[in-house]
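Asks: Numbered by UniProt numbering, the letters in the sequence shown go through residues 1 to 299 in order. Just passing along the structure, written as structure tokens.
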Amino acid sequence: MRTGSVPLADLAGGFDLQATLESGQTYLWTREDDATYAADGARGGDAWYSTVVDGEVIRVRQRDGLLEWESTTDAESRLFDLLALDDDLPAIREGASDDDLIRAAYERYWGLRIVRDPFFGCLVSFICSAQMRVGRIFAMQAALREAYGETITFDGRTYHAVPTPDALADASEDDLRELRLGYRAPYVARTAKLVASGELTESDVRGEDLETTREALKGFVGVGDKVADCVALFSLGHRDAVPLDTWIRTAIEEYYPDCARGNYAETSRAIREAFGSNAGYTQTYVFHYLRSGDDVDGS
């Protein structure tokens, strides 16, 4: 076992592990007390979380001013990448707008960072996200890992990796439906076949600008504008992406009505301008804040 820690005081703006991993942006980390997404408004906890990346198990928790980790490998550099520990949060906040909603969201969940999830796991997660609460999306991904993911034993426990495209391409739609994917089962199966065959892969959708990336991502089965923006933001590094989910559309209706333009592309462009630079960061803070039922005054 390899172990280490990162002093949170060394990170620009600090860090909140629970807010980051339970804010609806990732479904590839598991809270080891089996309470992932069990409560709204998650922040500030000290539970262990785990994930499997490239065949390596990584466990991490936040405690006593440290981000502590245990792993099958030297995980510090990987954690900086996966959890965006090198992002300058004060600079990001400085570039954001400063109305009451945004101010309250940043203040309550300060330390939340945008993840950099591995592409295929992120893609499948958000294909499964349509009309689903975060807890159910997480449960689907956990079921897929247990049924089709590689197993790795670490510290006396068994961990399951995200299934490979080949593994899911070989799964039948009926088998995927038994995991309660519902109508999303054929989307996952057909998208996995596209990736496994090389017909459409991560390298094909990495564009220099958001609109190009979004259109390329829509080549995957089950990916529309919103899912494409989620993958662009939480895996491909487009920090200007603002997925127009239910909560952000509610925010537009109540706080930014001038941004409602009648179609996804124009509305997305308008709310990105309203949120300021790194609009995806602001989107994630606002999403977590509104989904948690917090009042705009921060109470």
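Cβ coordinates follow ideal geometry from the N, Cα and C atoms, glycine included.
Starting from residue 123, trace the beta strand (DSSP E) in both directions and tell me its first and last residue.
Replies: Premise fails: residue 123 lies in the alpha helix (DSSP H), 119-127, not in any beta strand (DSSP E).
Asks: Do you know offhand how far residue 276's Cα is from residue 61's?
Replies: If I take the Cα positions, the gap works out to 31 Å.
Asks: For the beta strand (DSSP E) that contains residue 7, what are its first and last residues?
Replies: Per DSSP, residue 7 belongs to the beta strand (DSSP E) from 2-7.
Asks: Among all the DSSP beta bridges, which residues are the ones paired with residue 62?
Replies: 67
Asks: Per DSSP, which residues does residue 160 bridge with? Please list them.
Replies: 151
Asks: Roughly how many angstroms separate the alpha carbons of residue 88 and residue 99, rounded to a whole number?
Replies: 21 Å
Asks: I think residue 85 touches residue 11, with their Cβ atoms under 8 Å apart; what is that distance to the nearest whole Å?
Replies: 6 Å
Asks: Strictly by DSSP, which residues pair up with residue 30?
Replies: 50
Asks: Kindly confirm or deny that the segment 165-183 and the segment 46-61 touch, where touching means at least three C-beta pairs closer than 8 Å.
Replies: no
Asks: Applying the criterion that 16 or more other CB atoms from any shown protein chain within 10 Å of the CB defines a buried residue, is residue 224 buried or exposed?
Replies: It is exposed - the Cβ of residue 224 has fewer than 16 other Cβ atoms within 10 Å.
Asks: Which residues bound the alpha helix (DSSP H) around residue 213?
Replies: Run containing residue 213: 210-217, per the alpha helix (DSSP H) assignment.
Asks: Pull the bridge partners of residue 96 from the DSSP assignment, please.
Replies: 276
Asks: Under the three-state reduction of DSSP, which class applies to residue 134: helix, strand or coil?
Replies: helix
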